[in-house]
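Input: a single structure, listed below in structure tokens.
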Amino acid sequence: MNFDDTPEEAAFRAEVRAWIDANAPKELHAELATAGFGSGGVKSVDPMAASKAWQKKKAEAGWACLHWPKEYGGRGASPIERVIWGQEEGVYSALSGVFIIGHGMCGPTMMAYASEAQKRRHLPPLASGEEIWCQLFSEPAGGSDLAGLRTKAERAKSEDGGDDWVINGQKIWTSGAQHSDWGLLITRTDPTVPKHKGLTMFFLDMRSPGVEIRPIKQVNGQSGFNEVYFTDVRIPDAQRLGAVGGGWGVSLTTLMNERLSIGSGMSTGFPELFDLCSRIETANGLAVDDPAVRSKLATWACRQSGLKYTGFRAISALSRGETPGPENSIGKLVAGATMQDIAAFALDLQAEAGIINDPEISAANARFQAMLLRSPATRVEGGTDEILRNIIAERVLGLPADIRVDKDVPFNQIPTSGAR
Amino acid sequence: MNFDDTPEEAAFRAEVRAWIDANAPKELHAELATAGFGSGGVKSVDPMAASKAWQKKKAEAGWACLHWPKEYGGRGASPIERVIWGQEEGVYSALSGVFIIGHGMCGPTMMAYASEAQKRRHLPPLASGEEIWCQLFSEPAGGSDLAGLRTKAERAKSEDGGDDWVINGQKIWTSGAQHSDWGLLITRTDPTVPKHKGLTMFFLDMRSPGVEIRPIKQVNGQSGFNEVYFTDVRIPDAQRLGAVGGGWGVSLTTLMNERLSIGSGMSTGFPELFDLCSRIETANGLAVDDPAVRSKLATWACRQSGLKYTGFRAISALSRGETPGPENSIGKLVAGATMQDIAAFALDLQAEAGIINDPEISAANARFQAMLLRSPATRVEGGTDEILRNIIAERVLGLPADIRVDKDVPFNQIPTSGAR
Amino acid sequence: MNFEFSDEQKQLGTEARRFLEAKCPPKAVRAVLEGAQPFDRELWKGLAEMGFLGVAVPEAYGGLGAGYLELCVVAEEMGRVIAPVPFSSSVFLATEFLLVAGSEAQKQAWLPKLCSGEAIGTFALAEGVGAATPRTLKAAVNGGTLTGTKLPVADGDIADFVIVAARSAPGSDERGISLYIVDLHGAGVTREPVATIDPSRSHARLTFQDAPAELLGAAGEGWSILSQVYDRAAILTAFEQVGGSDRALEMARDYALERMAFGRPIGSFQAVKHMLADMYVSATLARSNGYYGAWALSTGAAELPEAAATARVSATQAFQHCSKNNIQVHGGMGFTWAFDCHLYYRRSNLLALNLGPLSQWEDKLISRLRARNAA
Amino acid sequence: MNFEFSDEQKQLGTEARRFLEAKCPPKAVRAVLEGAQPFDRELWKGLAEMGFLGVAVPEAYGGLGAGYLELCVVAEEMGRVIAPVPFSSSVFLATEFLLVAGSEAQKQAWLPKLCSGEAIGTFALAEGVGAATPRTLKAAVNGGTLTGTKLPVADGDIADFVIVAARSAPGSDERGISLYIVDLHGAGVTREPVATIDPSRSHARLTFQDAPAELLGAAGEGWSILSQVYDRAAILTAFEQVGGSDRALEMARDYALERMAFGRPIGSFQAVKHMLADMYVSATLARSNGYYGAWALSTGAAELPEAAATARVSATQAFQHCSKNNIQVHGGMGFTWAFDCHLYYRRSNLLALNLGPLSQWEDKLISRLRARNAA
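Chains as they are written, first to last, in our numbering: chain C, 33 to 452; chain D, 33 to 452; chain A, 2 to 376; chain P, 2 to 376.
Below is the structure:
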């Protein structure tokens with residue numbers, strides 16, 4: 033048992049480190065290192081331009097989408113090499129946030145279901161950041177019940193007599209839709225069969241006529257998510273991924289990747305809290321010396337550490353060529369709730385002034401308030417705490433699924449509260 | 033808003049206090065005051081004899097079952113007078129533990145469903161403690177699913193040609209069965225209808241041939257509960273309570289009383305813990321001055337206090353002639369889990385010696401270990417934490433009942449894991 | 002035993018609720034949150050007309066002359082609608098400071114204006130990050146003028162006068178602290194609004210440079226007066242928090258009943274049912290502890306300090322718990338700006354700190370329990 | 002990165018599990034619990050034959066000469082079956098004290114016997130209720146003999162020798178404390194068994210009256226040696242706790258799958274599913290933290306003290322959580338003597354205290370994190 037690289041891994045790490053050292057935008061390092069939670073990264077320069085520049089540089093040197101095959105713009109690297117890259121890229125990886133969905137979910141799905149020609153057309157620009165992708169799955173009526181989606185796709189003829197689909201409906205929680213060139217879209221093509229059976233997956237040009245994007249303002253004032261409306265949007269049948277009615281199976285490819293990418297290396301806010309406690313005074317002296325503070329810190333320290341080493345165990349599995357399973361759901365489950373508690377406690381430590389949300393007055397405050405306002409989203413996005421507990425109970429512990437009243441019921445006969 | 037008695041209440045309290053002062057078995061006071069949780073009360077004298085003596089004395093002076101009508105051995109007192117009695121009886125009420133089920137559940141059920149002659153025969157000796165009653169509801173296969181019971185009752189003719197019922201089956205968790213003269217028994221008289229519809233209630237002589245009682249040893253070594261086996265036990269139809277098939281309705285009368293009596297004035301162990309913390313040293317001085325201890329104590333203090341005043345609000349409702357509702361389920365829900373946490377923390381405070389279970393060495397330890405071993409039962413008996421949360425969610429907040437797969441299914445077709 | 006509000010008091014609560022549901026819908030809170038104005042002037046005027054700004058103030062000073070139980074009932078309703086007005090600053094603090102420590106002249110001067118809403122008062126203690134103690138306070142009064150900075154001050158940007166805790170004598174013990182009334186329209190006062198976790202309630206930084214300051218209460222008594230008034234305010238605030246907890250629980254319950262997933266209301270899933278049941282439990286414990294505080298406050302019982310800390314800790318935990326899980330029950334919608342969940346989440350975190358943090362009150366609670374047990 | 006046990010180590014774990022499932026079924030634990038004997042002699046013999054009593058002891062002293070990772074693997078399996086033997090006293094403590102501080106002669110004298118099971122060793126620190134500190138220790142050695150009382154001492158009634166922390170010089174600082182080996186069959190030793198929360202592991206009060214005592218390690222070094230050995234023992238015990246947590250979780254899971262209520266397995270109710278999911282989460286965090294400790298222990302890394310405290314706190318919380326909720330999932334059956342749930346509940350509460358209480362380790366953890374961050 034050790035944390036050491038194998039000789040191959042060490043050599044790879046050295047190569048990565050050297051390249052990053054020579055090429056990373058060092059002028060942004062400080063800003064990226066302190067960028068608050070959900071604060072949207074750099075402000076000194078146009079974040080999108082900075083992201084695209086860094087991604088392009090990586091792509092040209094063969095450091096984009098390391099785990100993808102070379103011919104599609106990747107490097108054909110092993111999963112562990114991808115992890116090493118991430119460790120070395122460090123704060124600069126924040127620049128790639130805008131590409132995560134495309135690289136982590138859309139790309140793999142295209143690779144599994146698109147035609148060879150489509151892969152050669154779409155994957156390289158996705159890898160290099162020249163084209164941005166988004167994922168159009170969630171719907172207002174869907175939520176945790178993802179398969180409850182209603183966006184309709186109906187067959188039609190194109191002007192030139194080809195096969196088209198006409199899309200009508202609404203998606204929600206679409207990250208980065210406003211920047212996206214392409215989107216991965218799941219639709220309902222048959223409402224008369226049980227809900228998982230009537231779904232079909234497509235990809236489309238986000239600039240197609242009839243696509244309307246509206247940002248969703250979140251509690252923390254950010255608008256990373258969008259609503260996307262579809263009105264008689266045309267998609268050629270050639271852009272269908274998988275069989276008609278096979279959309280659910282296709283989506284699982286995508287979602288498995290989502291939970292993994294979201295679940296790994298989640299922040300709990302503990303290092304920030306520990307740092308605060310080492311600087312701030314309570315009635316009992318330095319906070320970190322206050323026994324009341326210590327007993328709380330200890331539990332959080334163990335969660336932070338437990339997540340870290342659970343992650344290391346997953347990496348070790350990767351390094352052995354195994355695929356980490358649903359047990360990784362614990363990352364987000366533990367991190368989300370922990371951060372919410374830590375943020376509230378950090379404000380408490382600053383007494384009355386804990387309410388102030390002005391970085392000029394207290395940078396720490398602003399940071400923990402950002403956590404307080406961001407963590408509720410963490411506990412919901414990509415699977416609520418409750419869904420994650422179900423996943424652990426069912427897929428890890430083998431307990432029965434919830435009683436399904438909508439099982440085998442034709443979709444259009446399932447009771448609903450209507451779109452919101 | 034005040035805690036004061038009305039003039040009538042004050043007069044009543046004075047009368048009670050005077051009588052108790054003149055008649056209570058003072059020689060047992062100290063022992064009763066320190067009797068541990070689930071420790072089974074007094075040891076210096078035969079507990080049963082002491083209990084019966086005190087109850088008889090109360091009955092003769094008209095202080096037994098205050099809320100019952102006079103003609104059945106009670107006093108026709110108001111609910112609030114009953115509360116005042118309880119407050120004044122104080123530690124001596126521990127002597128009445130053996131009568132709680134009979135007085136709190138069996139009596140009211142008899143009053144509601146027995147014939148006038150039966151009431152006059154059975155209630156007075158029940159009130160005076162000359163006869164002890166138990167409740168035969170739970171079954172191994174039942175548990176939280178009380179209506180899942182299987183003990184069979186079939187019609188038969190008695191020797192003298194009268195109508196009898198023949199009982200076969202098993203009950204469990206029967207408190208005090210070994211001391212009981214009479215029992216309240218719910219049975220299944222028709223397995224071919226949905227489970228709530230095929231039940232019928234009886235009362236029977238616990239010394240009837242075919243009744244076998246086996247004590248259940250609990251985690252804490254006590255055996256307050258029993259298994260009761262029925263083999264061709266005969267009960268005259270005259271001892272049926274309510275209609276054939278109407279047993280579920282009858283049982284609700286009983287159970288509503290159970291949750292109330294159990295839910296009220298539950299102990300959390302906080303006063304004992306606070307007392308300990310005022311005496312014991314930690315690395316940071318007297319425990320009660322240790323900030324780490326304080327932050328835990330504060331939360332528990334608020335639960336203790338919140339339960340106390342929630343109880344006062346219920347008493348005030350009684351005093352206004354209202355009936356407290358399901359919201360009183362919170363008493364047991366909060367107290368059980370709190371005591372379990374408090375007990376573990378109290379042991380922690382005593383460091384390595386916390387493991388010692390010898391009153392000679394540490395009376396406090398023995399007490400908190402008794403709590404640690406008793407509290408798991410508190411979290412289950414009379415409704416598990418999970419059932420209580422369902423009750424609050426459904427009956428107080430109006431949320432839907434759980435999906436019922438056994439609804440409208442004939443009892444004998446409901447899947448089961450077999451008796452344990 | 003009559004541990005319940007009287008029918009008259011409940012009636013007052015019903016009136017207050019009717020009034021506030023009409024005059025203070027969520028969009029009124031949003032108007033302030035989104036910066037249209039620092040507080041809801043219309044609502045404030047209405048509250049004054051209803052007499053709610055002087056519920057517990059003697060009629061001689063322009064109040065209703067009702068008691069603290071009545072004020073608790075109104076406070077709960079204010080908390081239910083998270084009213085965007087300086088109620089806590091003006092009524093729980095400024096008014097109580099005057100009633101507890103004000104001279105007859107000071108009461109005559111300010112109480113009628115506070116009751117009529119003509120004047121808004123507030124209180125200033127904190128001086129930036131960290132707990133404010135007699136040792137840490139820097140703002141000082143010399144020769145009748147105050148110099149120093151107070152941050153944050155609730156409603157400091159809109160109040161007409163502020164009661165300030167400041168150093169009146171050297172040394173680090175509490176006898177060096179006194180209270181002063183400062184006219185915020187007077188000389189030597191600078192106010193700057195500061196952003197907080199809950200923009201629906203305005204806060205400011207107050208900078209004093211030789212600002213005229215009038216002693217309130219005896220010199221050197223500042224800290225003990227403050228502690229008395231904070232106990233009263235803690236109980237009144239607890240009712241605000243109890244009102245907020247109940248409303249957050251209702252919002253979650255209603256959404257759980259209406260929102261369908263997997264072909265059934267999400268409120269039929271035990272995970273959601275039990276989350277709501279646990280919210281009900283903490284809200285109920287907080288309410289009962291609040292009643293204990295209300296009783297102590299209205300009777301001036303010896304248990305007041307202990308009851309205040311109990312009510313405060315319990316209500317703070319309940320409101321934070323209910324407002325947090327209200328968001329969780331709402332799922333994705335819960336953290337959108339458009340839904341009202343965050344208004345309650347923000348307010349719960351504001352109220353958790355505005356009279357000193359939870360950890361301080363936990364500590365006070367145990368000190369006080371200990372003192373009583375020792376006695 | 003290879004943060005995982007090797008295939009050989011896993012193989013050793015499989016052997017240990019096979020052996021223990023055969024030789025240490027619940028009824029073996031009950032035999033000791035119900036007082037038939039103070040520990041399971043047969044099992045102890047078997048463990049010795051398997052070489053499990055000397056896994057990390059060099060072959061020169063009769064051990065297997067494997068490493069601490071191997072010992073962690075075995076410890077986990079011992080914890081899974083809550084083996085009723087003096088493994089922790091003899092292997093985690095006595096053996097480690099000798100390895101860390103023993104003279105060559107002392108190692109030669111005792112280690113072979115410990116590995117062969119011929120001798121049982123233990124350690125004695127506590128002297129009754131309350132935390133044992135250099136200040137509080139009363140047992141003292143003068144002129145080579147020990148006088149004083151130790152309570153509780155794990156396996157004190159069955160051990161052949163005990164390592165005692167006793168006062169060797171006046172004063173309250175840790176330099177006044179040294180360690181001594183005392184032969185429990187020698188003169189001046191009285192042992193009385195004491196009842197504890199977990200009768201499946203025997204404990205005693207040891208009274209020494211001028212009992213011959215042989216110094217272990219340098220005089221005045223007792224406390225620092227103790228702290229090193231406790232860190233090692235904490236990590237090894239954490240694996241016992243992790244094994245116990247996993248088993249308690251499995252018991253609950255299996256019961257939830259088999260037990261029917263309302264026409265369905267209780268494991269299909271979210272309340273039960275999520276309770277089990279939360280148990281899985283704490284068990285998994287504890288396991289990962291245990292691996293961190295195992296790594297530090299096996300490499301003698303600088304992070305050892307911090308890793309030990311992390312593993313200890315995490316594993317203690319997980320085992321208490323899992324054993325407690327295992328009872329809850331079992332409902333009424335869970336608190337019957339006949340079901341095995343309470344065996345794990347008892348053991349979890351014993352292990353939570355046997356190396357010093359959770360609160361002490363929480364405090365140590367933060368001190369150590371702080372020290373490292375300061376460094």
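Here a beta-carbon is modelled for each residue, glycine too, at the ideal position from N, C-alpha and C.
Whole angstroms are fine: how far does the CA of residue j sit from the CA of residue i?
i: C/ALA148; j: C/PRO101; result: A quick correction: the sequence has Glu, not Ala, at residue 148 of chain C. For C/GLU148 and C/PRO101, the distance between alpha carbons rounds to 13 Å.
i: C/LEU178; j: D/PRO432; result: 22 Å
i: P/SER315; j: P/THR285; result: 10 Å
i: D/SER327; j: A/THR134; result: 20 Å
i: D/GLY368; j: P/ALA295; result: 37 Å
i: P/LYS114; j: P/ALA120; result: 5 Å
i: P/ASP341; j: D/ASP307; result: 33 Å
i: P/LEU99; j: P/TYR181; result: 11 Å
i: D/PRO157; j: D/LEU98; result: 14 Å
Can you say whether residue i is buried or exposed, counting buried as having 16 or more other CB atoms within 10 angstroms of its CB?
i: C/HIS135; result: buried
i: A/GLY291; result: buried
i: P/VAL183; result: buried
i: C/GLY253; result: exposed
i: D/ALA451; result: Caution is warranted here: a pLDDT of 38 is assigned to D/ALA451, below 50, making its placement in the model unreliable, and no coordinate value can be reported.
Name, please, each residue of chain P whose Cβ falls closer than 9 Å to the Cβ of residue i.
i: A/GLN271; result: PHE270, GLN271, ALA272, VAL273, LYS274, HIS275
Under 8 Å between beta-carbons, which chain P residues line up against residue i? List them in chain order, please.
i: D/ASP264; result: The contacting residues do not exist; D/ASP264 stays about 27 Å from chain P at best.
Determine the chain C residues that contact residue i at a beta-carbon separation under 7 Å, and present them in chain order.
i: A/SER360; result: ALA324, ASP380
Kindly list, in the order they appear in chain D, the residues whose Cβ is closer than 7 Å to that of residue i.
i: C/VAL437; result: ILE435
Counting only Cβ pairs nearer than 8 Å, list the residues of chain C close to residue i.
i: P/PHE4; result: MET33, ASN34, PHE35, TYR341, PHE344, ARG345, ILE347, SER348
Mind pulling the chain P residues with CB within less than 7 Å of residue i?
i: D/THR314; result: ALA132
Could you work out which residues of chain A lie near residue i, taking near to mean beta carbons separated by less than 9 Å?
i: C/ARG399; result: By Cβ distance, chain A contributes nothing, its closest Cβ being about 13 Å from C/ARG399, past 9 Å.
Residues within the stretch 317-338 of chain A neighbouring chain C, beta-carbon criterion of under 9 Å: GLN321, LYS325, ILE328, GLN329, HIS331, GLY332, GLY333, MET334, GLY335, PHE336, THR337, TRP338
Cβ pair count under 8 Å reaching 3, the stretch 134-154 of chain D against the stretch 111-122 of chain D: No: the two stretches stay apart, fewer than three of their Cβ pairs being nearer than 8 Å.
Interfacial residues, the stretch 346-366 of chain D to chain A, with Cβ spacing under 8 Å: From the stretch 346-366 of chain D, only ILE347, SER348, ALA349, SER351, ARG352, GLU359, ILE362, LEU365, VAL366 have a Cβ closer than 8 Å to chain A.
Contact residues within the stretch 316-337 of chain D, judged by C-beta distance below 9 Å to chain C: So the close ones are ASN316, ASP322, PRO323, ALA324, VAL325, ARG326, SER327, LYS328.
Three CB pairs or more closer than 8 Å across the stretch 322-333 of chain P and the stretch 247-255 of chain P: The stretch 322-333 of chain P vs the stretch 247-255 of chain P: in contact.
At least 3 beta-carbon pairs within less than 8 Å: the stretch 364-375 of chain A vs the stretch 316-333 of chain D: Touching, per the Cβ criterion.
Contact set between the stretch 417-434 of chain D and chain A, restricted to residues whose Cβ is under 7 Å from the partner: ARG421, ASN422, ILE424, ALA425, VAL428, LEU429, LEU431, PRO432, ASP434
Interfacial residues, the stretch 241-267 of chain D to chain P, with Cβ spacing under 7 Å: Against chain P - using a Cβ distance shorter than 7 Å - the residues of the stretch 241-267 of chain D are ILE248, LYS249, GLN250, VAL251.
Contact list for the stretch 171-191 of chain D against chain A, Cβ threshold 8 Å: none
Given 8 Å, three or more beta-carbon pairs between the stretch 143-155 of chain P and the stretch 386-396 of chain D: yes
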